[in-house]
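Here the structure is laid out as structure tokens; the discussion comes afterwards.
Residue numbers (this note's numbering), protein chains in the order written: chain E, 3 to 350; chain V, -8 to 285.
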């Protein structure tokens, strides 16, 4: 299997479509970087958003803001406790109060981390808010777009592997190899996933290089906050974190593509089902929000758990580990079932 | 030694019995042909043996169940079922490397020599999508035999091919059969092809074996025509064989009245190959008689 994976990786380097994808993404990374450099003096180019933190010029102002927010949080908590105790709040009001408390806690954690590290307001941007002046923010944006594209490409490519072989007839040679058809399908899946993982890693390195060349490598940060914790991300840290999130998305999407390819032996159907599962997260969330006003059931569905960085920009999202566990809870049983089904399927 | 033992093979698809208690054995080095009308079960038997279909019954490979020893079976068997295909976007060399890497072997110069036998050695660096049907089939046969198998399972290897490609494929099968002492199980509608390549034939109907017939045995004394590429070659073969066999010579053919198998072996032993072999009143007659009896 190692020999096959090595051969496939070598072949990927000379593959036309693979090179087009890589060059396309690298050009996109370069173009966004250049666009940001050219627009960094344009004050209207991007509005600074920082988890509701008000603009501050001095750190005294920031400390005052922390104290005010802490008082507001205490008042909100007291109000909620009293409201629950005397029964004056209904369920909707309790939920709203809890959301507000969470929001204030996030505010405080962001302000605290900015204060502790003496970061000025202009030098920090909230995670997932595109700020042309901030290398970390630009890197996150480029890598977010990239991992969606790479993950989708990987999933769609893998979803067609087995159906294509069955339709075109390669399966009549490849399924009768000593490794057996199940291990063969796994080898192809592993080789393709590895190709896209390596592509994404190389792209992340290019993005890191771009952020060093085009932006001030230090002094600008992105703040990723959830609940009472906040992370301060420099451009290299942002690239590293996006690398992790992106790899999870690519691996999960590849697994979805593989599972679908084992269960549906029709190219178009396999492609459509895979694309739906990988891309329908935003649609399902919108429906959920439309019905309940917030994210409720959708965060427990596979399409909505693939982007685990959501925890930094959606207060209702599951934590990273919960999202990973939910994803695995879907993928592992489906993976096993699809392998067993495939093993027992006759090839016509 | 029995290379393949098939016993009580049954396969049902959508409640319809495709194979109905099929049993036969193939000795090591023996060549067996499967013949029958469409839907008789020829391809189904090959698919079951190759592991592409799940079925009931026992299939043994040198006495060992194939199911439990599939890796060993597949490493010693060349399989070409129905209409296989290579990866059209890759060159023949890349396809060979692809399948070699899956077998855990390195690319070998021997592959190019084998390709020469199939007359596709000049197409090594051409993409499969540019190949003709004959070349594609030859390329598939090359891939299926790269690992020097001791058993070859072929399902209609020359169907829908031009006569030249079909003859080249038959010649190649004959050569590797001779060289590697191959055990061959081949299905075909071309009865002359079966007569050329096989020692024995299994005639199938509705998923059952209705006749198990030994071809070219000492008892089968029929007039046979061995056709060669050129009249000169036919003449040379006639000169060499006339002292041992009852033969006559006309244009590009040598006619024999006697032991076909011995004559075939003799021709191959003098490093010569014939284009085709026709037995008057041979397999076609047997096939028609068997079908009529049923």
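Think of the CB as a built atom: it goes at the ideal place given N, C-alpha and C, for glycine as much as any other residue.
| field | Per DSSP, cross-strand counterpart(s) of residue 203 of chain V | value | Here residue 203 of chain V refers to the residue found at position 212 of the second chain. According to DSSP, which records beta bridges pairwise, residue 203 of chain V is partnered with V/193.
| field | Nearest-angstrom Cα separation, counted from residue 328 of chain E out to residue 306 of chain E | value | Start at 1 with the first residue of the first chain, and residue 306 of chain E comes out as number 304. Start at 1 with the first residue of the first chain, and residue 328 of chain E comes out as number 326. Answer to the nearest angstrom: the Cα atoms are 10 angstroms apart.
| said: Please classify residue 111 of chain E as buried or exposed, where buried requires at least 16 other C-beta atoms within 10 Å of its C-beta. | reply: Within the first chain, the letter at position 109 stands for residue 111 of chain E. Label assigned to residue 111 of chain E: buried.
| said: In whole angstroms, give me the CA-to-CA distance for residue 191 of chain E and residue 223 of chain V. | reply: The residue labelled residue 191 of chain E in the question sits at position 189 within the first chain. The residue labelled residue 223 of chain V in the question sits at position 232 within the second chain. Approximately 55 angstroms, taken between the alpha carbons.
| request: Find out if the Cβ-Cβ distance for the pair residue 48 of chain V, residue 0 of chain V is shorter than 8 angstroms. | output: By 1-based counting over the second chain, the position of residue 48 of chain V is 57. By 1-based counting over the second chain, the position of residue 0 of chain V is 9. Yes. Within cutoff.
| message | Could you check whether residue 138 of chain E and residue 224 of chain E sit closer than 8 angstroms to each other, using their CB atoms as the reference points? | response | Position 222 of the first chain, counted from the first residue, corresponds to residue 224 of chain E. Position 136 of the first chain, counted from the first residue, corresponds to residue 138 of chain E. Yes, they are a contact pair.
| Under three-state DSSP, which class holds residue 145 of chain V? | Within the second chain, the letter at position 154 stands for residue 145 of chain V. Here residue 145 of chain V sits in strand by DSSP.
| Under 8 angstroms between the Cβ atoms of residue 81 of chain V and residue 119 of chain V? | Within the second chain, numbered from 1, the residue matching residue 81 of chain V stands at position 90. Within the second chain, numbered from 1, the residue matching residue 119 of chain V stands at position 128. Their beta carbons are under 8 angstroms apart, which means residue 81 of chain V touches residue 119 of chain V by this criterion.
| said: Could you pull the DSSP bridge partners for residue 69 of chain V from this structure? | reply: By one-based count along the second chain, residue 69 of chain V stands at place 78. Partner(s): V/143.
| query | How about residue 90 of chain V: is its C-beta nearer than 8 angstroms to some C-beta of chain E? | reply | For the purposes of this step, residue 90 of chain V is taken as residue 99 along the second chain, with counting starting at 1. Output row for residue 90 of chain V: interface = yes.
| request: Establish whether the CB of residue 94 of chain V and some CB of chain E are separated by less than 8 angstroms. | output: Working through the second chain from its first residue, we reach residue 94 of chain V at position 103. Residue 94 of chain V counts as touching chain E.
| Nearest-angstrom Cβ-Cβ length linking residue 50 of chain V and residue 83 of chain V, presumed shorter than 8 angstroms | For this step, residue 50 of chain V is matched to residue 59 along the second chain. For this step, residue 83 of chain V is matched to residue 92 along the second chain. So it is not a contact: roughly 32 angstroms between Cβ atoms.
| said: Rounding to the nearest angstrom, what Cα-Cα distance links residue 126 of chain E and residue 136 of chain E in this structure? | reply: Taking the first chain and counting its residues from 1, one reaches residue 126 of chain E at position 124. Taking the first chain and counting its residues from 1, one reaches residue 136 of chain E at position 134. So the two alpha carbons sit approximately 8 angstroms from each other.
| request: Go ahead and label residue 56 of chain E buried or exposed: buried means 16 or more other beta carbons lie within 10 angstroms of its beta carbon, across all protein chains shown. | output: To locate residue 56 of chain E, count along the first chain from 1; it is residue 54. Classification for residue 56 of chain E: exposed.
| task | Could you tell me the distance, in whole angstroms, from the CA atom of residue 132 of chain E to the CA atom of residue 234 of chain E? | result | For the purposes of this step, residue 132 of chain E is identified with residue 130 of the first chain, where counting begins at 1. For the purposes of this step, residue 234 of chain E is identified with residue 232 of the first chain, where counting begins at 1. Taking the CA atoms as reference points, residue 132 of chain E sits about 16 angstroms from residue 234 of chain E.
| In the structure shown, what three-state DSSP assignment does residue 105 of chain E receive? | Numbered from its first residue, the first chain carries residue 105 of chain E at position 103. Residue 105 of chain E falls in the helix class under three-state DSSP.
| query | Which of the three DSSP states, helix, strand or coil, is assigned to residue 242 of chain V? | reply | For the purposes of this step, residue 242 of chain V is taken as the residue at position 251 of the second chain. Of the three classes helix, strand and coil, the one that applies to residue 242 of chain V here is coil, per DSSP.
| Paired residues, beta bridge with residue 16 of chain V - DSSP | If you number the second chain from 1, residue 16 of chain V lands on position 25. In DSSP, residue 16 of chain V forms a bridge with V/-4.
| Among residues of its own chain, excluding the 5 on either side of residue 289 of chain E, which ones have a beta-carbon nearer than 8 angstroms to its beta-carbon? | Taking the first residue of the first chain as position 1, residue 289 of chain E is located at position 287. Closer than 8 angstroms at Cβ, skipping near neighbours: 300.
| request: Measuring alpha carbon to alpha carbon, tell me which of V/8, V/250, V/43 and V/10 ends up nearest residue 172 of chain E. | output: Reading the first chain from its first residue, position 170 is the one you call residue 172 of chain E. If we check each option's Cα against that of residue 172 of chain E, V/43 comes out closest.
| message | Just to confirm the assignment, what range does the beta strand (DSSP E) spanning residue 139 of chain E have? | response | Taking the first chain and counting its residues from 1, one reaches residue 139 of chain E at position 137. Run containing residue 139 of chain E: none in the beta strand (DSSP E); it sits in the alpha helix (DSSP H), 137 to 170.
| Interface positions of the segment 256 to 276 of chain E facing chain V (Cβ-Cβ less than 7 angstroms), listed along the chain | Listed in sequence order: no entries.
| Thinking just about the alpha-carbon of each residue, which of E/253, E/282, E/266 and E/295 is nearest to the one in residue 339 of chain E? | Walking along the first chain from the start, residue 339 of chain E turns up at place 337. By alpha-carbon distance to residue 339 of chain E, the top candidate from E/253, E/282, E/266 and E/295 is E/266.
| said: Assuming residue 128 of chain E is part of the beta strand (DSSP E), what are its boundary residues? | reply: Reading the first chain from its first residue, position 126 is the one you call residue 128 of chain E. It spans 126 to 128 - the beta strand (DSSP E) in which residue 128 of chain E sits, taken as one unbroken run.
| query | Name the chain E residues whose beta carbon is nearer than 8 angstroms to that of residue 85 of chain V? | reply | What you label residue 85 of chain V is simply residue 94 of the second chain in a count that begins at 1. Those within 8 angstroms of residue 85 of chain V in chain E are 13.
| request: Residues of the segment 31 to 51 of chain V with a CB closer than 7 angstroms to any CB of chain E: list them in chain order, please. | output: 41, 42, 43, 44 and 45
| Residue-level contact to chain E via CB, residue 8 of chain V, 8 angstroms cutoff | Stepping through the second chain from its first residue, residue 8 of chain V is reached at position 17. False, the Cβ-Cβ gap to chain E never drops below 8 angstroms.
| said: With H, G and I counted as helix, E and B as strand and the rest as coil, what does DSSP make of residue 214 of chain V? | reply: Start at 1 with the first residue of the second chain, and residue 214 of chain V comes out as number 223. It is a strand residue.
| request: List the whole-angstrom C-beta distance separating residue 41 of chain V from residue 144 of chain V, where the pair is believed to meet the contact cut-off of C-beta under 8 angstroms. | output: By one-based count along the second chain, residue 41 of chain V stands at place 50. By one-based count along the second chain, residue 144 of chain V stands at place 153. Right, their Cβ atoms sit about 6 angstroms apart.
| field | Close-in-space but distant-in-sequence residues of the same chain around residue 367 of chain V (CB under 8 angstroms, 5 per side omitted) | value | Outside the shown range of chain V, which is -8 to 285, sits residue 367 of chain V, and nothing can be said about it.
| message | Once the 5 residues before and after residue 330 of chain E are set aside, which same chain residues still bring their CB inside 6 angstroms of it? | response | Taking the first residue of the first chain as position 1, residue 330 of chain E is located at position 328. Residues of the same chain with a CB within less than 6 angstroms of the CB of residue 330 of chain E, apart from the 5 flanking positions on each side, do not exist.
| Beta-carbon spacing of residue 187 of chain V, residue 264 of chain V below 8 angstroms | Start at 1 with the first residue of the second chain, and residue 187 of chain V comes out as number 196. Start at 1 with the first residue of the second chain, and residue 264 of chain V comes out as number 273. Not a contact, by the Cβ cut-off of 8 angstroms.
| request: Output the residue ranges of the alpha helix (DSSP H) runs that lie fully inside the segment 213 to 298 of chain E and measure 4 residues or longer, sorted by chain position. | output: 237 to 265, 269 to 281 and 283 to 294
| message | For a quick check, are the C-beta atoms of residue 189 of chain E and residue 256 of chain E less than 8 angstroms apart? | response | In the first chain, residue 189 of chain E corresponds to position 187, counting from 1. In the first chain, residue 256 of chain E corresponds to position 254, counting from 1. No; because the gap between Cβ atoms is not below 8 angstroms, this pair is not in contact.
| message | Do residue 164 of chain E and residue 187 of chain E have their beta-carbon atoms positioned less than 8 angstroms apart in this structure? | response | Along the first chain, read from residue 1 onward, the residue named residue 187 of chain E stands at position 185. Along the first chain, read from residue 1 onward, the residue named residue 164 of chain E stands at position 162. In contact: residue 187 of chain E and residue 164 of chain E (Cβ atoms closer than 8 angstroms).
| said: Residues of chain B with CB closer than 8 angstroms to the CB of residue 66 of chain V, please, in chain order. | reply: The chain inventory of the structure shown lacks chain B, comprising the protein chains E and V.
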